[in-house]
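Trainee: In the numbering used here, the protein residues as written are 1479 to 1687. By construction, the Cβ of each residue, glycine as well, lies at the ideal position given by its N, Cα and C atoms.
Okay, structure coming up:
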């Protein structure tokens, strides 16, 4: 039996404990900036592009818990071929936890760490290189206007915020090629050009909202 003098405190704690359940299970609160990823396909001077058809909507839904995405091949005048994949999801872990295992299945990749994409604003890029000496994978994570360099730390912080607030989507910009030499600076690659263009186009649409 709880003493009556503690009843208000217990009631308050129970109400606070119910807040996340009410927000996420009943109200299903999610932020929506109304940007549609599939409408942010960048046009890049000096490159042609076409859809990449290996993956479909069902696969993306299963892999990333998302139905808003696009994937394209960009071809440079010098013959370089870059694959670009962009999606966003409220399930952040699906995006940051080894996306290369699904998007570059079968490649023998080694993580090099985080490098900075140079431009008006330096952006952290998660970079992997192919162990055969040629090719790379690079991706950028964006959530609530912030570029994520430490996704696990971000996930912990976001989980705490979501106890009392609506869910926010994360966006991944993912590029890969099979020809970049192992020693080349990422910022000198066609992959960096395509990645930067995709981010710029997405941010341009965000600013219009």
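Looking only at C-alpha atoms, which of 1670, 1586, 1599 and 1604 sits nearest to residue 1592?
Mentor: In the chain shown, residue 1592 corresponds to position 114, counting from 1. Distances from the alpha-carbon of residue 1592 to those of 1670, 1586, 1599 and 1604 put 1604 closest.
Trainee: Kindly indicate which residue of 1533, 1560 and 1565 has the alpha-carbon position closest to the one of residue 1544.
Mentor: Position 66 of the chain shown, counting from 1, holds the residue named residue 1544. Cα-wise, what sits closest to residue 1544 is 1565.
Trainee: I need the DSSP call for residue 1580, collapsed to helix, strand or coil.
Mentor: Walking along the chain shown from the start, residue 1580 turns up at place 102. In the structure shown, residue 1580 sits in a helix (DSSP, three-state: H, G or I).
Trainee: Quick check on the DSSP output: the beta strand (DSSP E) that includes residue 1650 runs from which residue to which?
Mentor: To locate residue 1650, count along the chain shown from 1; it is residue 172. Looking at the DSSP string, the run of the beta strand (DSSP E) that includes residue 1650 is 1648–1659.
Trainee: Can you give me the C-alpha to C-alpha distance between residue 1521 and residue 1528, rounded to a whole angstrom?
Mentor: Stepping through the chain shown from its first residue, residue 1521 is reached at position 43. Stepping through the chain shown from its first residue, residue 1528 is reached at position 50. Rounded to the nearest angstrom, the two C-alpha atoms are 11 Å apart.
Trainee: Would you tell me roughly how many angstroms separate the C-alpha atoms of residue 1612 and residue 1658, rounded to the nearest one?
Mentor: In the chain shown, counting from the first residue as 1, residue 1612 sits at position 134. In the chain shown, counting from the first residue as 1, residue 1658 sits at position 180. Approximately 5 Å between the Cα atoms of the pair.
Trainee: Since residue 1599 sits in a beta bridge, which residues does DSSP pair it with?
Mentor: Counted from its first residue, the chain shown places residue 1599 at position 121. BP columns for residue 1599 are empty, so no partner.
Trainee: Would you call the CB atoms of residue 1617 and residue 1577 closer than 8 Å?
Mentor: Numbered from its first residue, the chain shown carries residue 1617 at position 139. Numbered from its first residue, the chain shown carries residue 1577 at position 99. Cβ distance < 8 Å, so residue 1617 and residue 1577 count as in contact.
Trainee: Excluding sequence positions up to five away, which residues of its chain have a Cβ less than 7 Å from the Cβ of residue 1571?
Mentor: For this step, residue 1571 is matched to residue 93 along the chain shown. 1633.
Trainee: With DSSP run on the structure shown, which of helix, strand or coil describes residue 1548?
Mentor: Here residue 1548 refers to the residue found at position 70 when the chain shown is read from its first residue. Of the three classes helix, strand and coil, the one that applies to residue 1548 here is strand, per DSSP.
Trainee: Looking at the secondary structure, which residues open and close the alpha helix (DSSP H) in which residue 1618 lies?
Mentor: On the chain shown, residue 1618 is found 140 positions in, with the first residue counted as 1. No alpha helix (DSSP H) contains residue 1618, which is instead part of the beta strand (DSSP E) from 1612–1621.
Trainee: How many whole angstroms separate the CB atoms of residue 1676 and residue 1562, which I take to be in contact at a CB cut-off of 8 Å?
Mentor: For the purposes of this step, residue 1676 is identified with residue 198 of the chain shown, where counting begins at 1. For the purposes of this step, residue 1562 is identified with residue 84 of the chain shown, where counting begins at 1. That belief holds up - the Cβ atoms of residue 1676 and residue 1562 are roughly 6 Å apart, short of 8 Å.
Trainee: Between residue 1518 and the rest of its own chain, which residues show a CB-CB distance below 6 Å, the 5 nearest in sequence each way excluded?
Mentor: Residue mapping note: residue 1518 aligns to position 40 of the chain shown, counting from 1. Here the set comprises 1679, 1680 and 1683.
Trainee: What distance in whole Å lies between the Cβ atoms of residue 1645 and residue 1509, which are believed to be in contact at a cut-off of 8 Å?
Mentor: Position 31 of the chain shown holds residue 1509. Position 167 of the chain shown holds residue 1645. That belief holds up - the Cβ atoms of residue 1509 and residue 1645 are roughly 7 Å apart, short of 8 Å.
Trainee: How is residue 1554 classed by DSSP in three states: helix, strand or coil?
Mentor: Here residue 1554 corresponds to residue number 76 of the chain shown, with the count starting at 1. In the structure shown, residue 1554 sits in a strand (DSSP, three-state: E or B).
Trainee: By Cβ distance, which residues of its chain are closer than 6 Å to residue 1625, with the 5 residues on each side in sequence left out?
Mentor: Here residue 1625 refers to the residue found at position 147 when the chain shown is read from its first residue. Result list for residue 1625: 1601 and 1602, in chain order.
Trainee: In this structure, how does DSSP classify residue 1570 when only helix, strand and coil are distinguished?
Mentor: Taking the first residue of the chain shown as 1, we reach residue 1570 at position 92. Helix.
Trainee: Indicate whether residue 1668 and residue 1655 have their beta-carbon atoms separated by less than 8 Å.
Mentor: Sequence index remark: in the chain shown, residue 1668 carries index 190 (1-based). Sequence index remark: in the chain shown, residue 1655 carries index 177 (1-based). Yes, the pair counts as a contact, with Cβ atoms nearer than the cut-off.
Trainee: Is residue 1604 helix, strand or coil when you go by DSSP?
Mentor: As a working mapping, residue 1604 is identified with position 126 in the chain shown. DSSP, read as helix, strand or coil, puts residue 1604 in strand.
Trainee: Where does residue 1682 sit, in a helix, a strand or coil, going by DSSP?
Mentor: As a working note, residue 1682 is residue 204 in the chain shown. Of the three classes helix, strand and coil, the one that applies to residue 1682 here is helix, per DSSP.
Trainee: Rank 1535, 1581 and 1546 by C-alpha distance to the C-alpha of residue 1606 and give the top, closest one.
Mentor: Counted from its first residue, the chain shown places residue 1606 at position 128. Out of 1535, 1581 and 1546, 1581 has the C-alpha closest to the C-alpha of residue 1606.
Trainee: Using the beta-carbon count (16 or more within 10 Å), is residue 1499 buried or exposed?
Mentor: Translated into positions along the chain shown, residue 1499 becomes position 21. At residue 1499, the pLDDT of 43 sits below 50, so the modelled position is not reliable; the number obtained from the coordinates is stated separately. Its Cβ having fewer than 16 others within 10 Å, residue 1499 is exposed.
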